[in-house]
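When you line the sequence shown up against this note's numbering, it's residues 379 to 570, in that order.
Beta carbons are placed, not taken as given, at the ideal position from N, Cα and C, and that holds for glycine.
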Amino acid sequence: MAQALKYDFTPLEDYLAGERDVDIRSEYVDGLIYAMAGASETHNTIAMSFASAIDNGLKDGCRVWQSDMKVVIQHNGQRFSYYPDIMAACGENTDDPYVRTNPVLIVEVLSDSTERTDLKEKFDNYISIPSLLEYVVVSQDVPLVRLWRRRTSWEREAYRAGEVFRLESVALDVPVEHIYRRVRKEVGLDVG
Numbered sequence: 379m380a381q382a383l384k385y386d387f388t389p390l391e392d393y394l395a396g397e398r399d400v401d402i403r404s405e406y407v408d409g410l411i412y413a414m415a416g417a418s419e420t421h422n423t424i425a426m427s428f429a430s431a432i433d434n435g436l437k438d439g440c441r442v443w444q445s446d447m448k449v450v451i452q453h454n455g456q457r458f459s460y461y462p463d464i465m466a467a468c469g470e471n472t473d474d475p476y477v478r479t480n481p482v483l484i485v486e487v488l489s490d491s492t493e494r495t496d497l498k499e500k501f502d503n504y505i506s507i508p509s510l511l512e513y514v515v516v517s518q519d520v521p522l523v524r525l526w527r528r529r530t531s532w533e534r535e536a537y538r539a540g541e542v543f544r545l546e547s548v549a550l551d552v553p554v555e556h557i558y559r560r561v562r563k564e565v566g567l568d569v570g
């Protein structure tokens, strides 16, 4: 679980200004700032493989980022800023080149320390973004992809090894095993 770096209320604007020149990235949860934990080799490899597939399939006018672009959200009178593992957006950005507010796709790669946050807090906040069409959560322990879509009222879909899923937000078909192609042994695809 992340530890708050600062327990005093910090305005979002101060957080965003300060976050541009830091050695350790942090996320913002309605006034509190939480340090981000480092990611494992498996986590990073999965995120890179998935982000590369998305980037290769994106149409002009869309972009994808891995881990270093913030999304800012206002939900239920509270303000949040997260660094999704993968985020894709189409169209023009706000005036701040360090922040996106209009993603069409957000992907989080689960770890033991982030699973509860990714599946509850971030899920609730991400789906409140008007532009978001899909939220994807990828396991880093087994080949499992969970996908929620706005058009299905955020009903969960699950995909496993041997299956292909469609990211409608970026018009891309993704074989589950492609995401795990460089970590097959770590997730149990290559046994022996």
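DSSP places E470 outside both helix and strand once states are collapsed to three, so it counts as coil. Cβ-Cβ distances below 7 angstroms link R398 to Y476 in the same chain, with the five nearest sequence neighbours on each side left out; the list follows chain order. Assignment of A413 by DSSP, reduced to helix, strand and coil, places it in the strand class. Beta bridge pairing from DSSP links W526 with Y513, R534. Three or more beta-carbon pairs separated by less than 8 angstroms link the segment 409 to 422 to the segment 481 to 493, which places the two stretches in contact. The continuous alpha helix (DSSP H) containing S430 extends over residues 419 to 435. Taking a 10 Å sphere around the C-beta of D496, we find 16 or more other C-beta atoms and assign the residue as buried. Straight across, the Cα-Cα distance linking S459 with T530 is about 26 angstroms. Annotated three-state conformation of E405 is strand, per DSSP.
Per DSSP, the continuous alpha helix (DSSP H) segment holding L394 begins and ends at 390 to 397.
According to the DSSP assignment, V482 belongs to the beta strand (DSSP E) that extends over 481 to 487.
Between the alpha carbons of R562 and D568 lies a gap of roughly 6 angstroms. Distance from the CA of E541 to the CA of E499, rounded to the nearest whole angstrom, comes to 28 angstroms. In the DSSP assignment, V554 falls within the alpha helix (DSSP H) that extends over 554 to 557.
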